[in-house]
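Novice: Mind the numbering: the sequence shown is residues 4 to 315 in the numbering used here, read in order.
Sharing a structure with you now.
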Amino acid sequence: MSNEEEQGTNVLDEPIHGIYIPAALFFVGVTITTYMSGELRILWSLPILFSIIFVRAYSAYKRRRSLYPNKWTPLELEDQTIISKNTALYRFKLKTRLESLNIPAGHHVAVRVPIDGKDEIRYYNPISSNLEDGHVDLVVKAYADGKVSKYFAGLNPGDTVDFKGPIGTFNYEPNSSKHLGIVAGGSGITPVLQILNEVITVPEDLTKVSLLYANETENDILLKEELDEMAEKYPHFHVHYVVHYPSDTWTGDVGYISKDQMSKYLPDYSDDNRLLICGPEGMNKLALQYSKELGWNVNSSNTSGDDQVFIF
4 MSNEEEQGTN VLDEPIHGIY IPAALFFVGV TITTYMSGEL RILWSLPILF SIIFVRAYSA
64 YKRRRSLYPN KWTPLELEDQ TIISKNTALY RFKLKTRLES LNIPAGHHVA VRVPIDGKDE
124 IRYYNPISSN LEDGHVDLVV KAYADGKVSK YFAGLNPGDT VDFKGPIGTF NYEPNSSKHL
184 GIVAGGSGIT PVLQILNEVI TVPEDLTKVS LLYANETEND ILLKEELDEM AEKYPHFHVH
244 YVVHYPSDTW TGDVGYISKD QMSKYLPDYS DDNRLLICGP EGMNKLALQY SKELGWNVNS
304 SNTSGDDQVF IF
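Rendered as structure tokens:
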């Protein structure tokens, strides 16, 4: 069995191959039968050939892209994985197994679901790398009053959700900063993972990244194994955890994000450095206040894509 068969990849999923290969096989077959029979079959076979090309071209046109910034596309749920007591990873199939989504770092997608006769729209940062083919991964945290998160929890493989995007204003270029400092809280880790994937998958990008990640308990730390593995493999990345309600075995920082922690673990203000903040509204306001006190150039809470201090 070939690698493509093992992975469930069909070469005809590629739009160009889906047109050229069937047309070429049909033409070769007609040519051989014409040669063997001596009858001129090429002319009467042309309408059939054109029909094949039209059908394949129309099919390729319909599935050429999975995501658009200005219209909704239904994507099918492939799998659901529980990653904490109230958070799950949802994997959705793209239109073909050969497609990958080129979503800029720090940008998100909109999802639309029908609840009680009304469309509810939420925004999520995919955590799947742009190098991964055939799917897009979302991390969704459930809340007691979260209508959309409850809807996601009730999805089954094969169900569809409407997607639109990418959407966002954050701008990032490799080596545009010497050192990125990041403050994240809870599910705010998802755009951070996008940025980390952007940095560590580009060998020429030597940007240092320091992450201060806050949660209520140790069990609330999302994707900790992945973060720790990144920190172990990539010497330019460092992660520091802080929890509000630690266990007896916790050896890390305790409490909420503090100015001392930001000063200790994140880069100092410099024209060459940048600070990113992503978490609950209360944490964002606190981190923004501390960043001002630490000398960072803060415009406002409504940041634009190139601001030195950017709030997601």
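All residues carry an ideal CB built from backbone N, CA and C; glycine is no exception.
Since the model is a prediction, treat every value here as computed from it, not as a measurement.
Measure from the alpha carbon of S152 to the alpha carbon of each residue in L92, W75 and Y259, then state which is nearest.
Specialist: Here residue 152 corresponds to residue number 149 of the sequence shown, with the count starting at 1. Among L92, W75 and Y259, the Cα nearest to that of S152 is on L92.
Novice: My understanding is that A113 touches G168, with C-beta atoms under 8 Å, so please give their C-beta distance in whole angstroms.
Specialist: One-based indexing of the sequence shown puts residue 113 at position 110. One-based indexing of the sequence shown puts residue 168 at position 165. Between G168 and A113 the Cβ distance is about 6 Å, and since that is below 8 Å, they are a contact.
Novice: I think N133 touches N105, with their Cβ atoms under 8 Å apart; what is that distance to the nearest whole Å?
Specialist: Numbered from 1 along the sequence shown, position 130 holds the residue referred to as residue 133. Numbered from 1 along the sequence shown, position 102 holds the residue referred to as residue 105. About 5 Å separates the two Cβ atoms, so the contact holds.
Novice: Where DSSP assigns a beta bridge to G184, which residues make up the other side?
Specialist: By one-based count along the sequence shown, residue 184 stands at place 181. Its beta-bridge partners are S213 and L278.
Novice: In whole angstroms, what separates the C-alpha of V142 from that of E102?
Specialist: In the sequence shown, counting from the first residue as 1, residue 142 sits at position 139. In the sequence shown, counting from the first residue as 1, residue 102 sits at position 99. Near 20 Å, if we compare the C-alpha coordinates of E102 and V142.
Novice: Under the rule that 16 or more other beta-carbon atoms within 10 Å means buried, what is A290, buried or exposed?
Specialist: The sequence position of residue 290 within the sequence shown is 287, counting from 1. So A290 counts as buried.
Novice: Leaving out the 5 sequence neighbours to the left and right, which residues in its chain are closer than 8 Å to N222 when beta-carbon positions are compared?
Specialist: For the purposes of this step, residue 222 is identified with residue 219 of the sequence shown, where counting begins at 1. Around N222: S87 and K88.
Novice: Could you check whether L269 and F313 sit closer than 9 Å to each other, using their CB atoms as the reference points?
Specialist: Here residue 313 corresponds to residue number 310 of the sequence shown, with the count starting at 1. Here residue 269 corresponds to residue number 266 of the sequence shown, with the count starting at 1. Going by C-beta atoms, F313 is not nearer than 9 Å to L269.
Novice: Enumerated in chain order, which unbroken segments of the beta strand (DSSP E) with a length of 3 residues or greater are wholly contained in the stretch 197-255?
Specialist: 211-218 and 240-246
Novice: Can you tell me whether DSSP reads D263 as helix, strand or coil?
Specialist: The sequence position of residue 263 within the sequence shown is 260, counting from 1. The three-state secondary structure of D263, taken from DSSP, is helix.
Novice: What separation, rounded to the nearest whole angstrom, lies between the Cα atoms of R115 and N73?
Specialist: If you number the sequence shown from 1, residue 115 lands on position 112. If you number the sequence shown from 1, residue 73 lands on position 70. Rounded to the nearest angstrom, the two C-alpha atoms are 13 Å apart.
Novice: How would you call S266, buried or exposed, if buried means at least 16 neighbouring beta carbons within 10 angstroms?
Specialist: Indexing the sequence shown from 1 puts residue 266 at position 263. It is exposed - the Cβ of S266 has fewer than 16 other Cβ atoms within 10 Å.
Novice: Which residues in the same chain as Y154 place their Cβ atom closer than 7 Å to its Cβ, once the five residues preceding and following it in sequence are excluded?
Specialist: Position 151 of the sequence shown, counted from the first residue, corresponds to residue 154. These residues qualify, in order along the chain: V116 and I118.
Novice: In terms of residues, what are the limits of the beta strand (DSSP E) holding L134?
Specialist: The sequence position of residue 134 within the sequence shown is 131, counting from 1. L134 -> no beta strand (DSSP E), and no H or E assigned at all.
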